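Engineer:
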Amino acid sequence: MTHKIEHKVPTTQEYCDMRLKAGLSGKSFQAAQIGLKNSLYGVSIRNEHEVLIAMGRVVGDGACNFEIVDVAVDPEYQGTGLGRNVMECIDAYLASAVFEGSYVSMIADEPEFYEKLGYRLVAPKSQGMTKKFLVD
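Each residue of the sequence shown is one higher than the last, beginning at 1 in UniProt numbering.
#1: Looking at the secondary structure, which residues open and close the alpha helix (DSSP H) in which Lys4 lies?
#2: Can you tell me which residues form a DSSP beta bridge with Met55?
#3: Which residues share a DSSP beta bridge with Asn65?
#4: Report the CB separation of Gly42 from Lys8 in whole angstroms; it is logged as a contact under 8 Å.
#5: Got a sec, what are the start and stop residues for the alpha helix (DSSP H) Val86 sits in?
#6: Return the CA-CA distance between Gly62 and Ser102, expressed in angstroms with no decimal places.
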C-alpha cells in the first residue's frame, strides 16, 4: 500500500470525521475550522485513493509552549505504523521549532505508545488537568 504524507492539516470535514472514526471526542465544525487554521503544524496521511487515514497537529505559541493534539489513525489502519509515522513528522517539526526551555506537552490516551517514542509521564511531580466548558 502506498501512503502519501502531507505536511498540512486535513480539511475541516475530514478532521471532524477522523476524530469520531478514531474514537476521539467530537468537535463542532466551527470550532474545528478555527482551530485548524491556527495550527502551528499539521500532518495528514492519505491512502492510494487520497482518503485521510491518519493525522496529527501541533498547537501553541510557537516558542515557549507546544502541544501535540489530534493524533488519530483510522481503525482499519491501526497497528500498521501510521501513528509512528505521524509522530515522526511531528517530532521533526518540533526539532526545528523549539527553543531551549520550550515545553512540549500532550494528553496521551495511549501513554505506552508515546513512551516508546521518547515521551515521559510527568506524574507524580506534575499532573495533567482539564476543564470542559459547556456552551449554552
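The beta carbon of each residue, even a glycine, is placed where N, CA and C say it ideally should be.
It should be emphasised that the depicted structure is a prediction, and the values quoted were computed from it without experimental measurement.
Structural biologist: Taking the geometry as given:
#1: Segment Lys4 to Glu6 is the beta strand (DSSP E) holding Lys4; no alpha helix (DSSP H) there.
#2: Ser44 and Ala72
#3: Tyr103
#4: 5 Å
#5: Leu82 to Ala97
#6: 9 Å
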